[in-house]
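Written below as structure tokens is the structure these notes are about.
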Amino acid sequence: DVKVTQSSRYLVKRTGEKVFLECVQDMDHENMFWYRQDPGLGLRLIYFSYDVKMKEKGDIPEGYSVSREKKERFSLILESASTNQTSMYLCASSLRRSYLHFGNGTRLTVT
Amino acid sequence: DAKTTQPPSMDCAEGRAANLPCNHSTISGNEYVYWYRQIHSQGPQYIIHGLKNNETNEMASLIITEDRKSSTLILPHATLRDTAVYYCIVWYSGGGADGLTFGKGTHLIIQP
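Here the protein sequences line up with chains A and L, keeping their order. Each step along the first sequence adds one to the number in our numbering, with nothing skipped, and position 20 is 20. Each step along the second sequence adds one to the number in our numbering, with nothing skipped, and position 110 is 1110.
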């Protein structure tokens, strides 16, 4: 079974801090994704990576960056966290032409 | 923005078939229709996908209209554990990120 592991289930950070959210998948998937989920807004794509060191912006990339130095790991970076980035963050991975496997999410609170 | 539209909520009696519709009128020829569901406090889970033919697996059936502008997910014998938010997306993996934003989905409530 594919496993997508997000490093933290809950995270509390202060405004202005640099925040790293880590995601690891164990099935050699080419694609990896970062989403945020807010009540009433569904899941919105932040960034998509289709290969090591390759990335593509999603719908809401502002205030975020990503890093994919190894195939199995995809990091989401909040350069200077703000309260409006309080949200549930979901990571996913997939084979090149297949469906997404999601992790269970990181609930980030920025105070 | 999501490329699909779904009703915000639906009810279904336990043991009956649940039919969840999805409109995707701008779907292009190489885009697949994918269905996922999300149970509270978990990440979304893949259910089924298809291109133009109807598909069935152990979880559900997917009916895609001939013009491919809409589809229906069928849970043949709904149970209380099927209560969840169901998302429909259309995506072609060779097209990059376009289509990967999930809308608000349909909150399906199975009534005992």
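Glycine is no exception: its CB is placed at the ideal position from the N, C-alpha and C atoms. Remember, predicted model here, so these are calculated numbers, not experimental data.
Not one beta carbon of chain A lies nearer than 7 Å to the beta carbon of His1040/L.
Look at Leu100/A here: in three-state DSSP terms it is coil, with no helix or strand label.
The three-state secondary structure of Gln1006/L, taken from DSSP, is coil. Within the model, the alpha-carbon separation for Pro1044/L versus Ala92/A is close to 9 Å.
For His1049/L, the nearest CB of chain A lies under 7 Å from its own CB, placing it at the interface with that chain. In this structure, Phe1102/L places its C-beta atom within 7 Å of the C-beta atom of Gly42/A. Scanning its chain for C-beta atoms nearer than 8 Å, with the 5 sequence neighbours on each side dropped, one finds around Leu11/A the residues Val19, Leu21, Thr106, Arg107, Leu108 and Thr109, in chain order. Remark: three or more beta-carbon pairs, one from each stretch, lie closer than 8 Å, so the stretch 21-36 of chain A and the stretch 84-91 of chain A are flagged as touching. An exposed status is given to Thr83/A, since fewer than 16 other beta-carbon atoms sit within 10 Å of its beta-carbon. Cα atoms of Val1033/L and Leu78/A: separation of roughly 32 Å, rounded to the nearest angstrom. Per DSSP, reduced to three states, the secondary structure at Arg1081/L is helical. Under the criterion of beta carbons closer than 8 Å, Tyr64/A and Tyr47/A qualify as touching, at roughly 7 Å. The residue among Ala1002/L, Thr1005/L and Arg1016/L with its C-alpha nearest the C-alpha of Gln1111/L is Arg1016/L.
By the Cβ neighbour-count rule, Glu1066/L is exposed, with fewer than 16 other Cβ atoms within 10 Å of its own. Taking a C-beta distance under 7 Å as the contact criterion, Gly1105/L and Gln1006/L qualify as a contact pair. Per DSSP, the unbroken beta strand (DSSP E) holding Arg68/A starts and ends at Ser65 to Lys70. In the same chain as Lys3/A, and ignoring 5 residues on each side of it, the C-beta atoms closer than 6 Å to its own belong to Asp26, in chain order.
Contact with chain L is found for Phe48/A, since one of that chain's Cβ atoms lies less than 7 Å from the residue's Cβ.
Per DSSP, Asn1057/L is not a residue of any beta strand (DSSP E), being assigned neither H nor E.
Membership of Thr5/A in the beta strand (DSSP E) is indicated by the continuous run Val4 to Gln6. Distance from the CA of Ala1060/L to the CA of Arg14/A, rounded to the nearest whole angstrom, comes to 44 Å.
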